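By my numbering, the letter at position 47 of the sequence shown is numbered 111, and the numbering carries on one by one without gaps.
Structure, as structure tokens:
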Amino acid sequence: MELWKISQKVSELSDVIPYYFFSLASSCLSLSTVLVVFSLGTWGVIGIIVISSYVVIPYLLFAVPVQVLFNKHPKKFSLNYFCLYIFFSLPAVFIYSSVLNFDFSMDILTTKNYYAISLLAALFFWFWDSVFLQKKKLCIIKRDRLNGPFQH
């Protein structure tokens, strides 16, 4: 690969990284806030910060790679994207809760909390992904950089 192509890819990526960060941070804070509120708010702001630090890991491992793929063909508030986020959220919540609780039994699949957390995790990530990343503008900026300012 030629050096200018690598430079161009790095430049494109550096323009989009803040949007990924805002989407990730907003999703973590939203989910942890809801989890703290529904646990009767016993932890308050400290609980939101602590839970956010736990929630960021499955989001990074499962949701962000899917988000990168979706950003290649941006669609704001796409129900297909939402369904796929739910699809990836179910095993992510299962694996993560199993690891945290050291319980690898299938009992978690029978609880309402498992499905509620999976749905909320997908919903928040889908919402913030649509707000920050699934914009046609980002693709236009990338295309204009590739074509140059005077080539159309």
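Think of the CB as a built atom: it goes at the ideal place given N, C-alpha and C, for glycine as much as any other residue.
If you're wondering where the values come from, they're calculated on a predicted model, not measured in any experiment.
Rounded distance between the beta-carbons of residue j and residue i, thought under 8 Å
i, j, result
"A156", "L95", "Actually they are not in contact, since the Cβ atoms of A156 and L95 sit about 12 Å apart, beyond 8 Å."
"V130", "F152", "6 Å"
Under the three-state DSSP convention, the category residue i falls into
i, result
"L197", "coil"
"V155", "Per the sequence shown, the amino acid found at residue 155 is Pro instead of Val. In this structure, P155 counts as helix in the three-state DSSP scheme."
"S103", "coil"
"P129", "helix"
"F166", "coil"
"N135", "coil"
Neighbourhood of residue i by C-beta, 6 Å cutoff - its chain only, sequence neighbours within 5 removed
i, result
"L164", "none"
"Y83", "F196, L197"
Proximity of residue i and residue j at Cβ, strictly below 8 Å
i, j, result
"V100", "I115", "yes"
"L124", "I112", "no"
"V128", "L88", "yes"
"Y145", "W192", "no"
"S182", "I172", "no"
"S78", "F141", "no"
Option nearest residue i by Cα separation, candidates the options
i, options, result
"V80", "L148, N135, I181", "N135"
"F126", "S103, L143, I150", "I150"
Own chain partners of residue i with C-beta closer than 8 Å, once the 5 adjacent residues on each side are dropped
i, result
"G108", "V100"
Sequence-distant residues of the same chain with beta carbon closer than 7 Å to residue i, five excluded per side
i, result
"I110", "none"
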